[in-house]
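Trainee:
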Amino acid sequence: MHSETIGDYEIECSGLQLPDSEGWVANLVIYAPSCNPMHRNDIFPSQRVAVDTVFASEQEAEAEARACAIALIEKGRKKAVH
Numbered sequence: 024m025h026s027e028t029i030g031d032y033e034i035e036c037s038g039l040q041l042p043d044s045e046g047w048v049a050n051l052v053i054y055a056p057s058c059n060p061m062h063r064n065d066i067f068p069s070q071r072v073a074v075d076t077v078f079a080s081e082q083e084a085e086a087e088a089r090a091c092a093i094a095l096i097e098k099g100r101k102k103a104v105h
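Count the sequence shown with this note's numbering and you get residues 24 to 105, in order.
#1: From cysteine 36 to lysine 102, what distance separates their C-alpha atoms?
#2: Could you confirm whether any beta carbon from chain C is found closer than 8 Å to the beta carbon of glutamate 33?
#3: Of the choices Ala79, Gln82 and Leu51, whose alpha-carbon is the least far from that of tyrosine 32?
#4: Start and end of the beta strand (DSSP E) containing cysteine 58?
#5: Are there three or more Cβ pairs, one per stretch, closer than 8 Å when the region 58 to 65 is compared with the region 77 to 91?
Have a look at this one:
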């Protein structure tokens, strides 16, 4: 699992291997800032992204989850400006 902070958001990207398969899927969770350091506010609960795609490796799946996270965060920033 790959964890990273982008601006005010913390993301966790992971590749999960499909049961009885060699394929991997992309999984993502995004946390927003919280006033309580013991609590994380998940604004995008842990879920599969790029639903129609099965990846050949865990790294490819994590990279796709990260790309989705960046796109969602940027979309949210643009929406906040308008």
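Cβ coordinates follow ideal geometry from the N, Cα and C atoms, glycine included.
Just so we're clear, the structure is a prediction, and the values are computed from it rather than from any experiment.
Mentor: Working from what's here:
#1: Between the alpha carbons of cysteine 36 and lysine 102 lies a distance of about 23 Å.
#2: Here there is only one protein chain, and chain C is not present.
#3: Of the listed residues, the one whose Cα sits closest to tyrosine 32 is Leu51.
#4: For cysteine 58, there is no enclosing beta strand (DSSP E), as DSSP marks it with neither H nor E.
#5: Touching, no, given that fewer than three Cβ pairs across the two stretches are closer than 8 Å.
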